[in-house]
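Inspection log for the structure reproduced underneath, given as structure tokens.
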Amino acid sequence: MATNRQCHTLHNCLVLNSTVAGLIINIIYMCQGIYQLVNVGDDIFCHFRGFLLQMGTGLLYHTLCVQAFHRLFVTVYSTKRYFQTKSFNIYMVIIQWVISFSFGLPVFLTGQMKYYAEVRMCQVSIDETLSSIYFTLIIFVFPLLTIIFIYIHIVKYMKQNSHSTTKRLNITGHHRHHCELRLIRRILIIVIVLFLLGFPYGFLEILIEIHVMPSWPYIISIGYIFITIGQGATTLINLITTDDVRKVLINIFKKYIIRKNQVHCVNTINAPNLIFVNQQC
Numbered sequence: 140m141a142t143n144r145q146c147h148t149l150h151n152c153l154v155l156n157s158t159v160a161g162l163i164i165n166i167i168y169m170c171q172g173i174y175q176l177v178n179v180g181d182d183i184f185c186h187f188r189g190f191l192l193q194m195g196t197g198l199l200y201h202t203l204c205v206q207a208f209h210r211l212f213v214t215v216y217s218t219k220r221y222f223q224t225k226s227f228n229i230y231m232v233i234i235q236w237v238i239s240f241s242f243g244l245p246v247f248l249t250g251q252m253k254y255y256a257e258v259r260m261c262q263v264s265i266d267e268t269l270s271s272i273y274f275t276l277i278i279f280v281f282p283l284l285t286i287i288f289i290y291i292h293i294v295k296y297m298k299q300n301s302h303s304t305t306k307r308l309n310i311t312g313h314h315r316h317h318c319e320l321r322l323i324r325r326i327l328i329i330v331i332v333l334f335l336l337g338f339p340y341g342f343l344e345i346l347i348e349i350h351v352m353p354s355w356p357y358i359i360s361i362g363y364i365f366i367t368i369g370q371g372a373t374t375l376i377n378l379i380t381t382d383d384v385r386k387v388l389i390n391i392f393k394k395y396i397i398r399k400n401q402v403h404c405v406n407t408i409n410a411p412n413l414i415f416v417n418q419q420c
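In my numbering, the protein residues as written are 140 to 420.
Spelled out as structure tokens, the structure:
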């Protein structure tokens, strides 16, 4: 993506932002899994790892919010050119990363993380009801509601303007309109995947907080398994459904196959010659 100029668009850069976030999240989860396997216990970095887990869980949702806002500015507020500039989108990404890294600091710095021996990890203490609700809202609820409301607004806008602008749209306009619908459909698929796979964790947390069910061992780990699968699937969908990135990946794969076939053909042609030379010797 960095070497291909065809991919140097704002949308692809925001997709790259989400992909980097997904990579960071999976690295954090992998490190936590390693620590759980070796049974490090409540070491000096346990609370920091718990903070990173909370931060990483919300990171991908926040990057998808940035994509949703970008699509809102391009579609609904297309006359506001400043919202579509690189500088504005860079500021938006910077603000998103600052929020993603800092929203868990108050809970982390006030020592509200607690080590749970059953799951071998540090989490927000179950006794800290306000902190648990705060994390649930910041990580899951607010980002998902923001994305859903933005795309509902975009769809309503496009339906209201489809009849009035049909006569004025040329071929380029129709193509752009079709691309926007495809993009909205793809991101909604991503949101649905995140919701379905992140819902068990949030639902279990709520049931535990209101004392409907006890905090069973490994229940938090089961919730994180769903989150990990959802975020990994989201990162993959994000890459595959981006046209420019998909074309680049297909071209790289085709070049690799062609090069491999050429090497195989050369080896096949040279093999009889080697046999002939050996017979002469």
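Glycine included, each C-beta is placed from N, C-alpha and C at the ideal position.
query: Would you report the Cα separation of N390 and I396, rounded to the nearest angstrom?; result: 10 Å
query: Can you determine whether any heavy atom of the ligand PLP sits closer than 6 Å to the C-beta of I163, and answer yes or no?; result: Absence of the ligand PLP from the depicted structure is noted, as is the absence of any ligand whatsoever, leaving it without description.
query: Going along the chain, which unbroken runs of the alpha helix (DSSP H) with 4 or more residues stay wholly within the region 146-184?; result: 149-177
query: Does the distance from the C-beta atom of L153 to that of V205 stay below 7 Å?; result: yes
query: Our contact map puts I277 next to G197 with C-beta atoms below 8 Å; I'd like the distance itself, whole angstroms only.; result: 6 Å
query: Strictly by DSSP, which residues pair up with M252?; result: V263
query: Taking H150 as the reference, give the member of F184, Q193 and Q223 with the closest Cα.; result: Q223
query: By a C-beta neighbour count over all protein chains shown, 10 Å radius and 16 as the cutoff for buried, is G195 buried or exposed?; result: buried
query: Just confirm the distance between the C-beta atoms of Q262 and Y255, as a whole number of angstroms; I'd bet it's less than 8 Å.; result: 6 Å
query: Identify which residue in K393, M260 and I293 has its Cα closest to the Cα of Y216.; result: I293
query: In terms of alpha-carbon separation, which member of G161, K253, L155 and S264 lies closest to F184?; result: K253
query: Would you mind sorting N300 into buried or exposed? The rule is 16 or more other CB atoms within 10 Å of its CB.; result: exposed
query: Do you know how far the Cα of L203 is from the Cα of F279?; result: 12 Å
query: Rank Y168, I234, T218 and L211 by C-alpha distance to the C-alpha of F365 and give the top, closest one.; result: Y168
query: In terms of residues, what are the limits of the alpha helix (DSSP H) holding T268?; result: T268 to T275
query: So the alpha helix (DSSP H) Q223 belongs to, where does it begin and stop?; result: From DSSP, Q223 is part of no alpha helix (DSSP H); its letter is neither H nor E.
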